[in-house]
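Notes to accompany the following structure.
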Amino acid sequence: MMRKIFSALVATAAGFSAMAQQVRPANSATVYHELCRMKNLTHVLYVAAHPDDENTRFLAWMVNEKHIRTAYLSLTRGDGGQNILGNEQGPALGLIRTHELMEARKIDGAEQFFSQAIDFGFSKTSDETFKHWNPYILTGDVAYVIRKFRPDVVICRFPPTKEAGHGQHAASAIIAAKAFPLAGDKMQYTEQFKYVAPWQPKRLLFNSFRFGENNTTSETQFKIPVGQYNPLLGMGYGELAGISRSVHKSQGAGTPSVAGTQIEYFKLVQGDTLINSLFDGIDTTWNRVGRNDIGTDLDKIIAQYDFRHPENSIPALLQLRSKINTVTDSFWRKEKLADIDQLILHASGFMAELVTKQPQTVAGATLPFSLNLIARSGKTPMTITSIEWPGTRDNLSLTLKNDSLTAISHSITIPANTPITQPYWLSAPAADDLYPMINDTLLGLPETPDNLVANVSLTLGGEIFTVPVPLSYKKLDPVKGDVIEGLRIMPEITVEPATSMLITQADGSLQTAIRIHAYKDMNNAVLNIFGDNKKITSISIPILTAGEDTSIALNFTTAQVNNVSKDDFYMDAEVVADGKTYNKTLKLIQYTHLPTLQYFTSPMAKVVRNNWKVTVKKIGYIEGAGDYTATLMRLAGLQVDVLKDADLRDAAKLKQYETIVTGVRAVNVEKKMAYWMPALMEYVKNGGTLVMQYNTLQDLSTTNIGPYPFTLSTLRTTEEDAPVTITDTKSRLLNYPNKITDEDFKYWVQERGLYFPSKWDEHYSTIFAMNDKGEDPQKSSVLYTKYGKGNYIYTTLSLFRQLPAGNKGAIRLFMNMISIGK
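Numbers -20 to -1, 1 to 802, taken from mature numbering (1 follows the signal peptide of the UniProt record, and there is no 0), label the letters of the sequence shown in order.
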């Protein structure tokens, strides 16, 4: 029950549009919180680099204790991080982390913004970061958010120095410091003035921290006690913060809910000094706009507020709404009118949802919907005066009976020009580590706004309200109960290659397939296949049936492949039907803690020319946090069996496999590895080969992960083009069955390796040395030893990024690893 109360309280405080966010009533604690927030005319903006960088305890305190509208600006969407839930990387992981961040904001009550920056992976310095990021563009992004949100106080999570612990962290502070004065300069980023006006915050602060031995706090800094208990929440802000931060499940960011008051430290970076408060010298009351009378009225409403009957406040709130409508400051008038409208609807217990039983459709289709309405406004009746559906409008005079559900059935035709459901930042190719901005009005938004809504107009006590209600999909889940998600708009045809990477046969020929899915009946379609933008073949498809898949087998001779390119190339596909071209591949992401996430990619596959040898055929695979290794081995023609608990306890079963490979972070995510490792060591001792991919220091199920000891660390080589020195040219790993040379380390992506062991037993041999500029060489990216009759390899090379990228050098090296025993 406690969780229900605080969720309702803070979820409605967020001002951004969440996917399929229906209009819902709120409990009395929420209404009281919104009343208190009406008194404050100030904003706070918190700035850092990634999802989960933000100080959720401070955000929760600022929103729910001080009742101040607060937002977090994350420069990136976390695309370059790691994923312990599945194999999504890059933009797909960024989409997951975006929505995890939005779910966190629903809990702590803050709002969310983003810049165009792409998280390209871990960097050690801001100098390295700015080789990827354009500081002018990103400074403009931050200035735009400041101008749009108009905070009086801007707070950085990190300093601009090495204490930030990550080059992107430091870069976020540098960019914020540049944007702080420029946001108020009418001569800077003038193209933004079509949408926003200059705005100068009063001060820029650094929220200093103590992370382990990295302590940036000082007793001379400004201190604020936070974490206090809030009886309306039933918990303290440290407890609420733990729940909020733990939503970052893809990062394994489960965080304890800490009770009790804690101190937050702040250092002034720019702007006015502070002595008593973050808001020293700032009028945060209605006096700011010369309307102290509104503040006085709010004090009376709050003093008379009845927690058991919030609807009793509606008449006074309606009078207050009329006063707010006369405020001359257009910014605060607009914001506070939106706030009081939400407050009045919450106090009236109003609910509106517009739902269908179909999860997806296409533009032009007609679907049955139900508009469900209910009000609990007591003595103040609510009357629906019109409903503006997509494409049509109905004028009504429908007075809702108090606490009685009204359902209106209506068939809605989706407008023909409705775009497909696609995150706006993925609607065009990215370039220079920046997402494209296809529409300037979307800059900073966490997601694409709902463009399919019904506008419900109603009167309450003589005042007119217009409430947008998004078209949504509703289902009854046997575990979760009611689930409401956004209605997904699809193209009429999707085209999907069998895999995102294709490997030629030994003779250079290529076999694959294309899957076509139709969302409406189509006739006389044509599938076109391209290689490096040259048409390879066309295939006629007489009939495509709605709701069905059509699989087209493709077989290309060596000559056809060579005619495209004698090197690697990209194969693309399209379907032409009814005069339209369809070239989108549907991708769905489904995790229980998130709504269904949809995005589209080009139907493109990288064709990799096989230039390696492999001497094993049967591989056992232990799943980790999700990577491409098993898929790559299968594409290379190997038999790969995923090993489960019973298999790993059966010595005879393990003996069938020439090599066993563990997925990335297997020892972190699979707690049974502690029991499996002795069996795996026995397997090696009896002649098997075990190849283990990297693990992190956190949450190891066992530290005994090799036949001889070694110590993991956080050391890494982040520069993907860092020079690699071969230190043992005679090693079998470098010569059999493929000769590894410097050429095999060209064209790597994002990084060389991560979480290198810092110490290792003398039984292990190493074969490479690598380092970022100015650092000592790291020699432990591959540890190899004979053990009994078998072979053990532990590698922290970023194979999980290189293999799906089709990097042949990494593939050749990996084939040597799994072939070492044959």
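Quick reminder that beta carbons are idealized off the backbone N, C-alpha and C, glycines included.
Expected contact under 8 Å - CB spacing of residue i and residue j to nearest Å
i, j, result
"SER518", "ASN508", "5 Å"
"GLY786", "ASP548", "7 Å"
"PHE428", "TYR404", "In the sequence as presented, Phe is not what sits at residue 428; that position holds Thr. Between TYR404 and THR428 the Cβ distance is about 5 Å, and since that is below 8 Å, they are a contact."
"PRO339", "ARG495", "Not a contact, Cβ separation roughly 19 Å."
Option in the options with minimal Cα separation from residue i
i, options, result
"LEU347", "THR393, THR525, ARG373", "THR393"
"THR446", "THR428, TYR579, GLY329, LEU317", "LEU317"
"TYR601", "LEU670, GLN180, PHE580, THR642", "THR642"
"PHE93", "ILE532, GLY251, PHE100, LYS128", "LYS128"
"ASN195", "TYR245, ALA702, ALA153", "TYR245"
"GLU91", "ILE117, PRO71, ALA51", "ALA51"
"LYS203", "LEU213, LEU185, GLY214, LEU378", "LEU185"
"ASP88", "GLY145, ALA159, HIS13", "HIS13"
"ASP412", "ARG37, LYS111, THR694", "LYS111"
"TYR733", "LEU467, PHE780, LEU248, SER745", "With the sequence shown as reference, residue 733 is identified as Gly, and Tyr is not the correct amino acid for it. Closest option to GLY733, Cα to Cα, is PHE780."
"ASP279", "ARG17, VAL307, GLU68, SER520", "ARG17"
"GLY61", "GLN69, VAL704, SER54", "GLN69"
"SER152", "THR56, VAL125, ILE791", "THR56"
"ASN114", "PHE102, THR141, GLN148, ARG130", "GLN148"
"GLU143", "ASP132, VAL125, ARG190, TRP728", "ARG190"
"ASN535", "THR639, ILE516, ASP529, SER328", "ILE516"
"LEU684", "ASP374, GLN540, MET657, PRO448", "Residue identity differs from the one stated: residue 684 is Asn in this sequence, not Leu. It is MET657."
"ALA40", "THR197, GLN208, SER384", "GLN208"
"THR707", "ALA9, LYS753, VAL762, LEU634", "VAL762"
"THR776", "ILE223, ASP756, ASP260, MET797", "MET797"
C-alpha gap between residue i and residue j, whole angstroms
i, j, result
"ALA434", "MET362", "18 Å"
"ALA616", "ILE155", "45 Å"
"SER391", "PRO370", "10 Å"
"GLY789", "TYR571", "34 Å"
"ILE354", "MET331", "5 Å"
"TYR674", "LEU660", "16 Å"
"THR119", "ALA159", "5 Å"
"ALA(-13)", "ARG4", "The predicted model places ALA(-13) with a pLDDT of 32, which falls under 50 and marks its position as unreliable; any figure quoted below should be read in that light. For ALA(-13) and ARG4, the distance between alpha carbons rounds to 9 Å."
"SER237", "GLN231", "17 Å"
"PHE(-5)", "GLU83", "Caution applies to PHE(-5), whose pLDDT of 34 falls short of 50 and renders its modelled position unreliable; the value that the coordinates give is listed next. Approximately 12 Å, taken between the alpha carbons."
"MET(-2)", "ASP121", "Residue confidence for MET(-2) is low, a pLDDT of 46 falling below 50, so the modelled location carries little weight; the figure read from the coordinates is stated next. Cα to Cα, the separation comes out at about 23 Å."
"LYS166", "GLN299", "38 Å"
"ASN20", "THR439", "27 Å"
"LEU325", "LEU297", "10 Å"
"ALA(-10)", "ALA177", "Because ALA(-10) carries a pLDDT of 34, less than 50, the predicted location of this residue cannot be relied on, and the following value inherits that uncertainty. Roughly 29 Å separates the two Cα atoms."
"PHE748", "THR479", "32 Å"
"TYR175", "TYR116", "19 Å"
"LEU406", "ASP558", "26 Å"
"GLN2", "VAL449", "6 Å"
"GLU650", "LEU628", "13 Å"
"ASN431", "GLU465", "14 Å"
"VAL541", "GLN782", "23 Å"
"ARG225", "ASP33", "10 Å"
"ARG373", "ILE367", "6 Å"
Beta bridge counterpart(s) of residue i as assigned by DSSP
i, result
"TYR562", "VAL555"
"residue 810", "Residue 810 lies beyond the residue range present for the chain, which begins at -20 and ends at 802; the question has no answer from this structure."
"LYS788", "Answer is none; LYS788 lacks a bridge partner."
"ILE444", "THR439"
"HIS390", "PHE349"
"PRO205", "ILE243"
"HIS23", "ARG49"
"THR336", "TYR453"
"residue 827", "Residue 827 is absent from the structure shown; the chain starts at -20 and stops at 802."
"VAL704", "MET750"
"LEU507", "ILE519, VAL555"
"ALA355", "ASN382"
Extent of the continuous alpha helix (DSSP H) to which residue i belongs
i, result
"ASP277", "272 to 283"
"ALA626", "625 to 628"
"MET661", "653 to 665"
"ARG77", "71 to 88"
"MET584", "Run containing MET584: none in the alpha helix (DSSP H); it sits in the beta strand (DSSP E), 584 to 588."
Residue i - containing beta strand (DSSP E), residue span
i, result
"TRP369", "362 to 369"
"LYS515", "514 to 524"
"SER152", "Careful: SER152 lies outside any beta strand (DSSP E), inside the alpha helix (DSSP H) at 147 to 162."
Contact test: residue i Cβ vs the ligand NAD heavy atom, cutoff 7 Å
i, result
"GLY643", "Summarising the ligand content, the structure contains no ligands, and the ligand NAD is consequently not present."
C-beta neighbour in chain D for residue i, strict 8 Å
i, result
"GLY424", "Here there is only one protein chain, and chain D is not present."
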